[in-house]
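This report refers to the structure that appears directly beneath it.
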Amino acid sequence: MTLTTSYHPADTSRPILDCTLGDLLHDAAADSPNEQALIGIAPVSPPRSWTYRELLEDAERGATWLLQRFPVGSHIAVWAANEPEWLILQCATALAGMTLVTANPALRATELAHILDASDASAVAFSAEVRGTAMIDILLDALDQLRVRRAGTAGPIPSLIPFTGWLDAIRAVEPDPSRFPSVLPSDAIQLQFTSGTTGLPKPAQLTHRAMITNADYVNTRGGYPEGGVSVSPIPLFHASGSGTAAFGAMLLRGTLVLCRVFDPALVVDAIDRFGATDVRMVPAMFRAAFPEVRAQRPTFATLRLCGSGGDTIPVELSREIEETFGAPLTTVYGQTEVSPVLAQTAPEDSEQTRWESAGAVLPQAEVKIVDTATGEVTPIGAPGEICARGYQLVDGYYEMPGATEQLIDADGWLHTGDLGTLSADGILTVTGRLKDLIIRGGENLYPSEIEAALLEHPRVALAAVVGLPDEQWGEVVAAVIEHVDPQSPVSAAELTAFTTERLSPQKRPATWLQGGALPANAMGKLQKFRLREQILAGAFQEL
52 MTLTTSYHPA
62 DTSRPILDCT
72 LGDLLHDAAA
82 DSPNEQALIG
92 IAPVSPPRSW
102 TYRELLEDAE
112 RGATWLLQRF
122 PVGSHIAVWA
132 ANEPEWLILQ
142 CATALAGMTL
152 VTANPALRAT
162 ELAHILDASD
172 ASAVAFSAEV
182 RGTAMIDILL
192 DALDQLRVRR
202 AGTAGPIPSL
212 IPFTGWLDAI
222 RAVEPDPSRF
232 PSVLPSDAIQ
242 LQFTSGTTGL
252 PKPAQLTHRA
262 MITNADYVNT
272 RGGYPEGGVS
282 VSPIPLFHAS
292 GSGTAAFGAM
302 LLRGTLVLCR
312 VFDPALVVDA
322 IDRFGATDVR
332 MVPAMFRAAF
342 PEVRAQRPTF
352 ATLRLCGSGG
362 DTIPVELSRE
372 IEETFGAPLT
382 TVYGQTEVSP
392 VLAQTAPEDS
402 EQTRWESAGA
412 VLPQAEVKIV
422 DTATGEVTPI
432 GAPGEICARG
442 YQLVDGYYEM
452 PGATEQLIDA
462 DGWLHTGDLG
472 TLSADGILTV
482 TGRLKDLIIR
492 GGENLYPSEI
502 EAALLEHPRV
512 ALAAVVGLPD
522 EQWGEVVAAV
532 IEHVDPQSPV
542 SAAELTAFTT
552 ERLSPQKRPA
562 TWLQGGALPA
572 NAMGKLQKFR
582 LREQILAGAF
592 QEL
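Numbered according to the working numbering, the sequence shown spans residues 52 to 594.
As structure tokens, then:
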């Protein structure tokens, strides 16, 4: 295909998979009942494993258990580490005609309360601890805040589903598939919270059809092998962890080796220990794993592929990943609202394509690059905003029609907020971001949410948050503060303590700045890209 403008029509040569997760799980259990489906590993615990038959059995018991307690259509939140129970619950909610609401286990109480409220969650499943933090205290605080939010309304407070002992509880239940409702491929399988460019995180409705088909296309473009073994520490609350990696392994009747938390030693050891054919990590994880590879000196004899995405990967890092792990790199570009991958490089692509572009657009997706001033499709190679249309688009934001209309225009085009170009041979290159999104270690952080938390401080008059380059994380958070009383400025230590109670660790500013005039356009709107440039040029002083 040779393009004449920056419009890429949908490649319809590969079909859309019109199925549900329940269909996929039943097919896998019928085809490969005794093959390993899932192995859960943790730094100090022995591995736990499930065959496809065992995974289906636990999922059916879990679905029956859920239907004994909650009606079809309920939203079940999960706020947990990468436990095998997380994926079993996802399969169970899918069979039961319910929707899984995913939440980052690093969230603080206020953040979690918002997610439970905005999603109308009927229950929340949770780990006992994550990285040494007892989860129940934060959860109870979140529920107290939720009661305040819902005072005077009929909104229920979610039930608690502790993962400790949950498997024993569901295994005491006789599975009853006759109770399972008819689930459609167009039904929502997940609510993933994403903020786009503004406001508090919004619940994006991702469908069975879109997530499963997207995983299939990623498998094919990346060259992931049938019956392979995939090691993944990618958080399950990301669509790339619970969708691309988990559904991808199931489609190939392969084994997902699920790392409870990201631990470089655990990941590197697992590749050789379980004979992994591929490893999937965000760029910051690969970078953190390099010293462990040098220390352990593994053979990586079975490794055939490295998968990454979630952030721009510098050429030097791409080269180092391939040299260190001895396998080609396939990278993906996308966002939650496209379920989540829009373009991908292939192992057989040239080094220039693999290391300097987002790769080719995946099947069944239309992509165009539009001039940000006129909205017209740009000439080949000319930059503009990346827009997408097709099966993979989010089915709107839950109970937020206005926000959905802002995201997807009247012609069905989703505006990503990213800047990029298309080449004549259909290669997409991401060149920047219209939106203010910060990507730290592959995780999307939203300045507006951080700024809102800072403005709760009584001595902060204005807060402007941007991302600054960082060798380890890709980007870290920086905040420029204007004080209510310049003669009595807030200290960095005080602001750090203040945000510790309100923001999860990855969202807290690593750099605190003051002074200087904040750049604004003629309408008075803060120009974040200019602010970032001025910070890097030293125009502001540290608090």
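C-beta atoms are modelled at their ideal positions from N, C-alpha and C, and glycine is treated no differently. The structure displayed is predicted, hence computed values, not measured ones.
Exercise. Is the beta carbon of residue 307 sitting closer than 9 Å to the one on residue 316?
Worked result: Counted from its first residue, the sequence shown places residue 307 at position 256. Counted from its first residue, the sequence shown places residue 316 at position 265. Not a contact, by the Cβ cut-off of 9 Å.
Problem set entry | Neighbourhood of residue 310 by C-beta distance below 8 Å, restricted to the same chain and skipping five residues each side | On the sequence shown, position 259 is the one that residue 310 refers to. Excluding its 5 nearest sequence neighbours in each direction, residue 310 has C-beta neighbours in its own chain below 8 Å: 92, 93, 133, 282, 283, 284, 317, 318, 321, listed in chain order.
Exercise. Near residue 406, which residues of its chain fall below 7 Å by C-beta distance, leaving aside the five closest residues on each side in sequence?
Worked result: Taking the first residue of the sequence shown as 1, we reach residue 406 at position 355. Answer for residue 406: 366, 369, 370, listed in chain order.
Problem set entry | Short Cβ contact (9 Å threshold) for residue 239 with residue 172 | For the purposes of this step, residue 239 is taken as residue 188 along the sequence shown, with counting starting at 1. For the purposes of this step, residue 172 is taken as residue 121 along the sequence shown, with counting starting at 1. Inclusion of residue 239 and residue 172 in the CB contact set at 9 Å is not warranted, their separation being larger than that value.
For this session: Provide the residue span of the alpha helix (DSSP H) that contains residue 73, from first to last.
Result: For this step, residue 73 is matched to residue 22 along the sequence shown. Here the alpha helix (DSSP H) through residue 73 covers 72-82.
For this session: Classify residue 580 as helix, strand or coil using the three-state DSSP reduction.
Result: In the sequence shown, counting from the first residue as 1, residue 580 sits at position 529. Here residue 580 sits in helix by DSSP.
For this session: Take residue 243 and list the residues in its own chain whose beta-carbon comes closer than 7 Å to its own, dropping the five residues that flank it on each side.
Result: For the purposes of this step, residue 243 is taken as the residue at position 192 of the sequence shown. Here the set comprises 153, 255, 257, 290, 387.
Problem set entry | Beta-carbon gap between residue 418 and residue 473 smaller than 9 Å | Position 367 of the sequence shown, counted from the first residue, corresponds to residue 418. Position 422 of the sequence shown, counted from the first residue, corresponds to residue 473. Cβ atoms of residue 418 and residue 473: closer than 9 Å.
Exercise. On the three-state DSSP scale, how would you describe residue 366?
Worked result: For this step, residue 366 is matched to residue 315 along the sequence shown. Residue 366 falls in the helix class under three-state DSSP.
Exercise. Run through DSSP, which three-state label would residue 494 get?
Worked result: As a first step, residue 494 is located in the sequence shown; it is residue number 443 there, counting from the start. Under the three-state reduction of DSSP output, residue 494 falls in the strand class.
Problem set entry | Straight-line gap, residue 44 to residue 539 (C-alpha atoms, nearest Å) | For the chain, the structure presents residues 52 to 594; residue 44 sits outside this window and is missing.
Exercise. Anyone know if the C-beta pair for residue 569 and residue 577 falls short of 9 Å?
Worked result: Reading the sequence shown from its first residue, position 518 is the one you call residue 569. Reading the sequence shown from its first residue, position 526 is the one you call residue 577. With respect to residue 577, residue 569 sits close: the two C-beta atoms are nearer than 9 Å.
Problem set entry | Simplified DSSP assignment, three categories, for residue 521 | By 1-based counting over the sequence shown, the position of residue 521 is 470. Strand, per DSSP.
Exercise. Going along the chain, which unbroken runs of the beta strand (DSSP E) with 3 or more residues stay wholly within the stretch 144-225?
Worked result: Scanning the stretch 144-225 from its first residue to its last, the whole beta strand (DSSP E) runs of 3-plus residues come out as 150-154, 172-177, 210-213.
Problem set entry | Span of the beta strand (DSSP E) around residue 436 | Translated into positions along the sequence shown, residue 436 becomes position 385. First-last of the beta strand (DSSP E) with residue 436: 435-441.
For this session: Determine which residues share a DSSP beta bridge with residue 283 and list them.
Result: As a working note, residue 283 is residue 232 in the sequence shown. DSSP, once it has assigned bridges, lists 309 as partnering residue 283.
Exercise. Just how far apart, CA to CA, sit residue 104 and residue 85?
Worked result: As a working mapping, residue 104 is identified with position 53 in the sequence shown. As a working mapping, residue 85 is identified with position 34 in the sequence shown. Taking the straight line from one Cα to the other gives about 6 Å.
For this session: At 3 residues or longer, and completely inside the stretch 237-270: list those beta strand (DSSP E) runs for me, N to C.
Result: With a minimum length of 3 residues, the continuous beta strand (DSSP E) runs that stay inside the stretch 237-270 are 239-245, 253-258.
For this session: Can you tell me which of the three DSSP states residue 66 falls into?
Result: Working through the sequence shown from its first residue, we reach residue 66 at position 15. The three-state reading of DSSP puts residue 66 in coil, since its state is none of H, G, I, E or B.
Exercise. Counting along the chain, where does the beta strand (DSSP E) carrying residue 93 start and finish?
Worked result: Here the question's residue 93 lines up with position 42 in the sequence shown. The continuous beta strand (DSSP E) containing residue 93 extends over residues 87-93.
Problem set entry | Neighbour-count burial assignment, residue 332, 16 or more Cβ in a 10 Å radius | Here residue 332 refers to the residue found at position 281 when the sequence shown is read from its first residue. Buried, because 16 or more other Cβ atoms sit within 10 Å of the Cβ of residue 332.
Exercise. In terms of residue numbering, what span does the beta strand (DSSP E) encompassing residue 421 cover?
Worked result: Residue numbering aside, residue 421 sits at position 370 when the sequence shown is read from its first letter. According to the DSSP assignment, residue 421 belongs to the beta strand (DSSP E) that extends over 416-421.
For this session: Alpha carbon to alpha carbon, how far is residue 293 from residue 72? Give it in angstroms, no decimals.
Result: Here the question's residue 72 lines up with position 21 in the sequence shown. Here the question's residue 293 lines up with position 242 in the sequence shown. Cα to Cα, residue 72 sits roughly 12 Å from residue 293.
Exercise. With residue 594 and residue 542 assumed to form a contact (beta carbons below 8 Å), what rounded beta-carbon distance in angstroms separates them?
Worked result: As a first step, residue 594 is located in the sequence shown; it is residue number 543 there, counting from the start. As a first step, residue 542 is located in the sequence shown; it is residue number 491 there, counting from the start. Yes, residue 594 and residue 542 are in contact; Cβ-Cβ is about 6 Å, under 8 Å.
Exercise. What do you get for residue 144, buried or exposed, if any count of 16 or more other CB atoms within 10 angstroms of its CB means buried?
Worked result: Start at 1 with the first residue of the sequence shown, and residue 144 comes out as number 93. Buried, by the Cβ-count rule.
For this session: Whole angstroms is fine: what's the gap from residue 567's alpha carbon to residue 312's?
Result: Within the sequence shown, residue 567 is the residue found at index 516, counting from 1. Within the sequence shown, residue 312 is the residue found at index 261, counting from 1. Taking the Cα positions, residue 567 is about 41 Å away from residue 312.
For this session: Could you have a look at residue 137 and say whether DSSP puts it in helix, strand or coil?
Result: Along the sequence shown, one-based indexing puts residue 137 at 86. Helix.
For this session: Go to residue 322, then tell me how far its alpha helix (DSSP H) extends in each direction, as first and last residue.
Result: If you number the sequence shown from 1, residue 322 lands on position 271. Element bounds for residue 322: 315-324.
Exercise. Going along the chain, which residues of its own chain have a beta-carbon closer than 7 Å to the beta-carbon of residue 232, five neighbours each way excluded?
Worked result: Residue mapping note: residue 232 aligns to position 181 of the sequence shown, counting from 1. Same-chain partners within the cutoff: 123, 148.
Exercise. Got a sec, what are the start and stop residues for the beta strand (DSSP E) residue 392 sits in?
Worked result: Counting from one through the sequence shown, the residue named residue 392 turns up at place 341. Residue 392 -> beta strand (DSSP E) spans 392-395.
Exercise. Are at least three pairs of beta-carbons, each pair with one atom in the stretch 438-452 and one in the stretch 461-469, less than 8 Å apart?
Worked result: The stretch 438-452 vs the stretch 461-469: in contact.
Problem set entry | Cβ separation of residue 579 and residue 517, assumed to be a contact under 8 Å, to the nearest whole Å | Along the sequence shown, read from residue 1 onward, the residue named residue 579 stands at position 528. Along the sequence shown, read from residue 1 onward, the residue named residue 517 stands at position 466. Indeed they touch by this definition, with Cβ atoms about 5 Å apart.
Problem set entry | residue 249 to residue 357 span [Cα, whole Å] | On the sequence shown, position 198 is the one that residue 249 refers to. On the sequence shown, position 306 is the one that residue 357 refers to. Interpretation of residue 249 is limited by its pLDDT of 49, a score under 50 that renders its predicted location unreliable; the figure taken from the coordinates is listed afterwards. When rounded, the separation of the alpha-carbon atoms in residue 249 and residue 357 is 33 Å.
Problem set entry | Bridge-paired residues (DSSP) for residue 360 | Working through the sequence shown from its first residue, we reach residue 360 at position 309. The bridge partners DSSP lists for residue 360 are 383.
Exercise. In or out: residue 64 buried (at least 16 other Cβ within 10 Å) or exposed?
Worked result: In the sequence shown, counting from the first residue as 1, residue 64 sits at position 13. When all chains shown are included, residue 64 counts as exposed.
For this session: Please state whether DSSP places residue 345 in a helix, a strand or coil.
Result: Along the sequence shown, read from residue 1 onward, the residue named residue 345 stands at position 294. Looking at residue 345 - three-state DSSP - the assignment turns out to be helix.
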